[in-house]
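**Q** The listed protein sequences correspond, in order, to chains S and Z. Numbers 54 to 466, taken from this note's numbering, label the letters of the first sequence in order. Numbers 54 to 466, taken from this note's numbering, label the letters of the second sequence in order.
Protein chains: 2
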Amino acid sequence: MATIAMKFGGTSVADIERIRHVATLVKREVERGNKVAVVVSAMAGETNKLVAWTNDAARGINNLAIPDQREYDVVVAAGEQITSGLLAITLNAMGVKARSWAGWQVPINTSAVHGSARIEGVPATEMKRAIEGGEVAVVAGFQGVAPGVRISTLGRGGSDTSAVAVAAGIGAARCDIYTDVDGVYTTDPRIVPKARRLEKIAYEEMLEMASLGAKVLQTRSVEIAMLHRVPTRVLSTFTPDVGGTLLCDEEDIVEKKPVTGIAYSRDEAKITLHKVPDKPGVSAAIFGPLADAGVNVDMIVQNVSEDGETTDLTFTCTRGELTRALAAIETHAKDIRYRSVTHTADVAKVSIIGIGMRAHPGVAQLMFRTLAEKGINIEVISTSEIKVSVLIAEEYVELAVRALHSAYELDAA
Amino acid sequence: MATIAMKFGGTSVADIERIRHVATLVKREVERGNKVAVVVSAMAGETNKLVAWTNDAARGINNLAIPDQREYDVVVAAGEQITSGLLAITLNAMGVKARSWAGWQVPINTSAVHGSARIEGVPATEMKRAIEGGEVAVVAGFQGVAPGVRISTLGRGGSDTSAVAVAAGIGAARCDIYTDVDGVYTTDPRIVPKARRLEKIAYEEMLEMASLGAKVLQTRSVEIAMLHRVPTRVLSTFTPDVGGTLLCDEEDIVEKKPVTGIAYSRDEAKITLHKVPDKPGVSAAIFGPLADAGVNVDMIVQNVSEDGETTDLTFTCTRGELTRALAAIETHAKDIRYRSVTHTADVAKVSIIGIGMRAHPGVAQLMFRTLAEKGINIEVISTSEIKVSVLIAEEYVELAVRALHSAYELDAA
């Protein structure tokens, strides 16, 4: 008998019939003797509808207006509230004692950054008592309560984070993330049909996979799982008895291949400043204004100076940030003193990830050779202890991912 | 400059365009120098959708199951939460500082009777401060917070009650109920085209009108308005500058006709117990079990005993309670000792209402004569100081209402 957290995403609760299926999965855990907290997203489609309403409400008045973020949260959070109530109704009708908990009731305390708030703590004293008393707690995901007792939301995908934070908050033995795929794969199976499901993946690896483009889990949820050492499983709502992937400590993984998985992201844009002065202080002149403009600079490369006086500097950010980045650079043109600026969004980032890299030298070399053999030019490189990322032309993404998947012997037999 | 409460129903906020219209009405009050709390219903159609989901969720499991009432409230209350956020977004985009307040945030404290909770108090300390600071408070109607910090709802039409209770709670000088009609009429204009809008109506009269079938305001909202002496206006969202009806003290009405209005209700059922013993204790034997079964007995008539030993007893309840009432009587047949029981739902109640009745004798007599002249049989009569109600066959409702409207000289010129 253990306390476990379960999480179901929007497609898993898309209609009443699916909510009923979710209820049977919850009931099964209760019948196994487990105590359960279940975290739910909004029914698929509901969030989009609510978001569209908030935009209409603001833009009808003024085409430039964006919705007041705190009120946006009030509207959008209603989606998960509805699902939590419906699942609790279904469970009670099945004879499983259950009650819903909105973010403010748990409480899931968050920062005041409405629309993309950060979970700061899940005291959950009363909810824990209810769970220990045998009642299933149905928690509205994606939401919390910000300072001033205002409703907040965590931003898209935040329900994963809610689930892991609730699991940590109630001291759950396990957090099961039910989704529409049956686990974490070596790479995106839509690109590489030979991709394999991983039985286990280390928290650190999953964190890199998620932040480098793998969409199966939200980055912040993996951070919390890692921080609180919550054993987290990814498994399919529709085939819950097969497969699944366990996020665990590095020590719990016996066979450590040099590369565990390959991630990619198309949400990349590249900006190059030509002929900037090659002297101290120029980086600060460039990246200070970008940070102020809320641009998250990712990869950076500075060319070797040819004339000893100027150099070219290239960096990447997300496509959504491109316009803001260019505006910030133009505004500070006098301080930066570049000759010209070029930019493109036709780039993508491909990354190899693996804790085994630490023990295997030459892992990056194989990546570069493999891409070279396919005639793919590497524009920027960035590395960390357990990953190597390269920026390439977007049109080569599939080719690159497939070639690397084979080169690192990840293909299924 | 005054603090006022405004209330908009579901048809007034049915889509974003209408919410925008509501925002302009709120803005106008702010520009007049007023401080405003605005109470909103769910967008027309939303509540029905949410209610249907709760029923599906419960019934899919077990055809007899009704949704857990506390979770029903969680789901349904989301409707008003959404509207409150959308109106706050619209107002902010218009440059009118506004924030939404859910029932639990105000707080609107209610009883624990989920699904039809009763407002017990609206402390609203913080909200009052925000309003005094010049911020429009957009309150989610129809909901509150029950003991145990659970979301509660007031039952259909509860947003009127929310509005008047909020007006009382913040000490508003006035409560304006915007709806799809432009005031309170002498009777239902769909039946009597010559019905006239009333400029003023006394709280007591409105209370009788509402509880006897007039649908323009919820009974409980009138009770609260009367109790706290909140001057309450009913006016049209779509033509806010014409007409309207003010609920006020009896003393503020100069011309007191004997009859102010005529109400009717088709939601009536009649049960007759034949040959019950005509002796003390029989009423208790009948009405005790009915009260236990949650049946609200309305009109009662006991015939004169013909044999000196038994009598016939007739009473009415709503059509929804008929089955429960018959079951309760059957269960207690031994104690009541009736010969037989008959029942019908083909009846309706027609009432004349007016504070002027107190000063004018013979008012009821005109009612009975008018109905007799039309050949309408009166089955049951009940009276109070300011109303006379009669039960008649349902098919005569329109005829009776029209005849009485003329007889009491209420027809528009």
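Backbone N, C-alpha and C fix where the C-beta goes; we use that ideal spot for every residue, glycine too.
For the region 116 to 132 of chain S, enumerate the residues whose C-beta is nearer than 9 Å to any C-beta of chain Z, in chain order.
**A** Listed by position, the residues of the region 116 to 132 of chain S near chain Z (Cβ gap below 9 Å) are ALA118, ILE119, PRO120, ASP121, ARG123, GLU124, TYR125, ASP126, VAL127, VAL128, VAL129, ALA130, ALA131, GLY132.
**Q** Which same chain residues end up closer than 6 Å to Z/LYS253 when comparing Cβ atoms and leaving out the 5 residues on each side of it in sequence?
**A** Answer for Z/LYS253: LEU299, CYS301, ILE306, listed in chain order.
**Q** For Z/TYR19 versus Z/MET59, is the C-beta distance shorter than 8 Å?
**A** Coverage of chain Z is limited to positions 54 through 466, which leaves residue 19 of chain Z absent and any answer about it impossible.
**Q** Closer than 6 Å by C-beta to S/GLU258: which residues in its own chain qualify, once you throw out the five before and the five after it? Chain order, please.
**A** Only THR313, ILE406, ILE408 meet the Cβ criterion.
**Q** Does any CB atom of chain S fall closer than 8 Å to the CB of Z/GLN196?
**A** Chain S, which has no Cβ nearer than 8 Å to the Cβ of Z/GLN196, makes this no.
**Q** Give a yes or no on whether the minimum CB-CB distance between S/THR239 and chain Z is below 8 Å.
**A** No - not a single Cβ of chain Z is within 8 Å of the one on S/THR239.
**Q** Which stretch, first to last residue, makes up the alpha helix (DSSP H) that contains S/THR100?
**A** Residues 99 to 112.
**Q** When the Cα of Z/LYS427 is compared with those of Z/ARG455, Z/ALA466, Z/THR290, Z/GLY415, which residue comes out closest?
**A** Ranking Z/ARG455, Z/ALA466, Z/THR290, Z/GLY415 by Cα distance to Z/LYS427 puts Z/ARG455 first.
**Q** Mind listing which residues of the region 55 to 78 of chain S have their C-beta closer than 7 Å to chain Z's C-betas, in chain order?
**A** So the list reads ILE69, ILE72, ARG73, given in the order they occur along the chain.
**Q** So, is the C-beta of S/THR163 closer than 8 Å to a C-beta in chain Z?
**A** With 8 Å as the cut-off, S/THR163 does not count as an interface residue toward chain Z.
**Q** Taking the beta carbon of Z/ARG152 as the centre, do at least 16 other beta carbons fall within 10 Å, making it buried, or is it exposed?
**A** Flag for Z/ARG152 reads buried.
**Q** Would you list the residues sitting across from Z/GLU321 in a DSSP beta bridge?
**A** Z/GLU321 pairs with Z/VAL400.
**Q** Of all Cβ atoms in chain S, is any one closer than 8 Å to the Cβ of Z/LEU207?
**A** No - not a single Cβ of chain S is within 8 Å of the one on Z/LEU207.
**Q** If you follow the beta strand (DSSP E) that Z/ASP229 is in, where does it begin and where does it stop?
**A** 227 to 232 is the span of the beta strand (DSSP E), which, as asked, contains Z/ASP229.
**Q** What does S/GLY211 touch in chain Z if you count any residue whose Cβ is under 7 Å from its own?
**A** Going along chain Z, no residue has its Cβ under 7 Å from S/GLY211, so there is no contact; the nearest lies around 18 Å.
**Q** On the DSSP bridge list, what partners appear for S/VAL89?
**A** Beta-bridge pairing links S/VAL89 to S/ILE57.
**Q** Is S/LEU280 close to chain Z? Criterion is C-beta to C-beta, closer than 8 Å.
**A** For S/LEU280, the answer is no, since every Cβ of chain Z falls outside 8 Å of its Cβ.
**Q** Any idea which residues DSSP pairs Z/SER435 with across the strands?
**A** Note: Z/SER435 sits in a beta bridge opposite Z/SER442.
**Q** Quick one: is S/LYS102 buried, meaning 16 or more other Cβ sit within 10 Å of its Cβ, or exposed?
**A** It counts as exposed.
**Q** Using beta-carbon positions only, say whether S/GLN134 and S/ALA193 come within less than 8 Å of one another.
**A** Yes.
**Q** In chain order, what residues of the same chain lie with their CB nearer than 8 Å to the CB of Z/LEU288, ignoring the 5 residues before and after it?
**A** Here the set comprises ASP229, ILE230, TYR231, THR232, ASP235, GLY236, GLY296, GLY297, THR298.
**Q** Could one say the Cβ of Z/ASN101 lies closer than 8 Å to chain S's Cβ atoms, at least one of them?
**A** False, the Cβ-Cβ gap to chain S never drops below 8 Å.
**Q** Tell me the residue span of the alpha helix (DSSP H) that contains Z/ARG182.
**A** Per DSSP, Z/ARG182 belongs to the alpha helix (DSSP H) from 178 to 185.
**Q** Considering only the beta carbon of each residue, do Z/ASP126 and Z/THR214 sit closer than 8 Å?
**A** Not closer than 8 Å, so no.
**Q** Could you give the first and the last residue of the continuous alpha helix (DSSP H) run that contains S/SER336?
**A** Its alpha helix (DSSP H) spans residues 335 to 345.
**Q** Cα separation between Z/ILE142 and Z/GLY211?
**A** Going by the C-alpha atoms only, they are around 24 Å apart.
**Q** For the region 176 to 193 of chain Z, which residues have a CB atom closer than 7 Å to at least one CB atom of chain S, in sequence order?
**A** From the region 176 to 193 of chain Z, no residue has a Cβ closer than 7 Å to chain S.
**Q** Give the residues from the region 138 to 149 of chain Z that approach chain S closer than 7 Å (Cβ to any Cβ), ordered along the chain.
**A** Correct list: GLY138, LEU139, ALA141, ILE142, THR143, ASN145, ALA146, MET147.
**Q** Where does Z/VAL287 sit, in a helix, a strand or coil, going by DSSP?
**A** Strand at Z/VAL287.
**Q** Say whether chain Z places a C-beta atom closer than 8 Å to the C-beta of S/ASP109.
**A** Closer than 8 Å to some Cβ of chain Z, the Cβ of S/ASP109 qualifies, so yes.
**Q** Could you spell out where the beta strand (DSSP E) holding Z/ARG203 opens and where it closes?
**A** Residues 203 to 206.
**Q** Quick one: does S/VAL202 have its CB under 8 Å from some CB of chain Z?
**A** Yes, S/VAL202 counts as interfacial toward chain Z.
**Q** Interface residues of chain S around Z/SER94 at Cβ under 8 Å?
**A** Result: empty, since nearest Cβ-Cβ is about 14 Å, beyond 8 Å.
**Q** Would the beta-carbon of Z/SER393 be found less than 7 Å away from any heavy atom of the ligand GDP?
**A** For the ligand GDP, the structure offers nothing, since it holds no ligand at all.
**Q** Is the CB-CB distance between Z/HIS385 and Z/ALA322 below 8 Å?
**A** Going by C-beta atoms, Z/HIS385 is not nearer than 8 Å to Z/ALA322.
**Q** Using CA coordinates, which residue listed in S/ARG171, S/ARG250, S/GLY186, S/VAL348 is at the minimum distance from S/ILE277?
**A** Per the Cα distances, S/ARG171.
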